[in-house]
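I have placed the structure first, in the form of structure tokens, so that the comments after it can refer back to it.
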Amino acid sequence: MSEIKNDTQAEETVEKEVGQPTETAEKQEEPKKPKKEKEDKKAKAELAALRTELEAKEKELSEEKDKYLRLLAEYDNFRRRSQKEREGIYTDAVSDCLGEFLPLLDNLGRAAEASGDAEQVRVGLEMTKKSADALLEKMGVEAFGEAGDTFDPQLHNAVMHGEDESRGENEISDVFQRGYRRGDRVIRYAMVKVVN
58 MSEIKNDTQA EETVEKEVGQ PTETAEKQEE PKKPKKEKED KKAKAELAAL RTELEAKEKE
118 LSEEKDKYLR LLAEYDNFRR RSQKEREGIY TDAVSDCLGE FLPLLDNLGR AAEASGDAEQ
178 VRVGLEMTKK SADALLEKMG VEAFGEAGDT FDPQLHNAVM HGEDESRGEN EISDVFQRGY
238 RRGDRVIRYA MVKVVN
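Going from the sequence shown to this note's numbering is simple: count from 1 and add 57.
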């Protein structure tokens with residue numbers, strides 16, 4: 058009987074040993090499931106937050122892209138409009154300038170058709186020259202290059218050089234063609250002869 062008792066005790070011990078690990082494993086798995094579920098919920102929440110942030114960033118990027126495209130279109134329109142205005146300004150300026158010269162051409166035509174003595178023709182030409190000078194002055198054009206002026210290579214084109222004791226050094230003795238400028242810009246250089 059002691060053997061049976063020992064066998065029963067051995068079985069109980071084995072059952073306990075075998076049973077304990079099984080119970081322990083079940084107990085260990087139960088806490089792991091809620092922990093895993095918590096981690097899954099946390100990961101899903103983080104994923105949802107990342108998706109929301111991504112959607113917000115995509116929306117922001119789309120708005121910025123739209124602003125950029127609008128700005129690019131506005132700049133392109135501005136560039137085209139400015140180019141048309143520049144072309145228009147040039148055309149208008151040329152038309153205005155030519156319009157100012159038309160009365161001068163009319164006077165020259167009348168002088169060419171006029172019959173009379175040389176003195177009357179000379180007087181008519183002088184009047185036409187005065188109107189031309191007045192027109193240039195009105196347009197802000199200044200004539201330069203007079204005999205006796207000092208030679209300036211930025212304004213004068215010396216085509217001849219000579220010696221003259223009665224004149225100073227680098228003095229203009231003769232003017233073959235007058236020069237014209239408007240403000241600081243030279244329209245035509247004066248063609249001159251320089252002495253000494």
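Even glycine gets a Cβ: it sits at the ideal position worked out from N, Cα and C. From a predicted model like this one, the values you see are computed outputs, not experimental measurements.
Would you mind sorting G236 into buried or exposed? The rule is 16 or more other CB atoms within 10 Å of its CB. buried
When DSSP labels each residue in this structure, what does Q211 get in the three-state scheme? coil
I need the straight-line Cα distance from L161 to S188, nearest angstrom please. 7 Å
Given 8 Å, three or more beta-carbon pairs between the region 194-207 and the region 226-233: yes
When you compare the CB positions of R239 and G197, do they come within less than 8 Å of one another, or not? yes
Alpha-carbon spacing of P91 relative to K101, whole angstroms: Straight through space, the alpha carbons of K101 and P91 are spaced by roughly 15 Å.
In the DSSP assignment, find the unbroken beta strand (DSSP E) run with R235 in it and report its ends. It is not in any beta strand (DSSP E) - R235 carries neither H nor E in the DSSP assignment.
How big is the Cα-Cα spacing for L165 and K141? Rounded to whole angstroms, L165 to K141 spans 36 Å at the Cα level.
Under a Cβ-count criterion, where at least 16 other Cβ atoms within 10 Å of its own Cβ denotes burial, should V249 be classed as buried or exposed? buried
Where DSSP assigns a beta bridge to K250, which residues make up the other side? M217, D231
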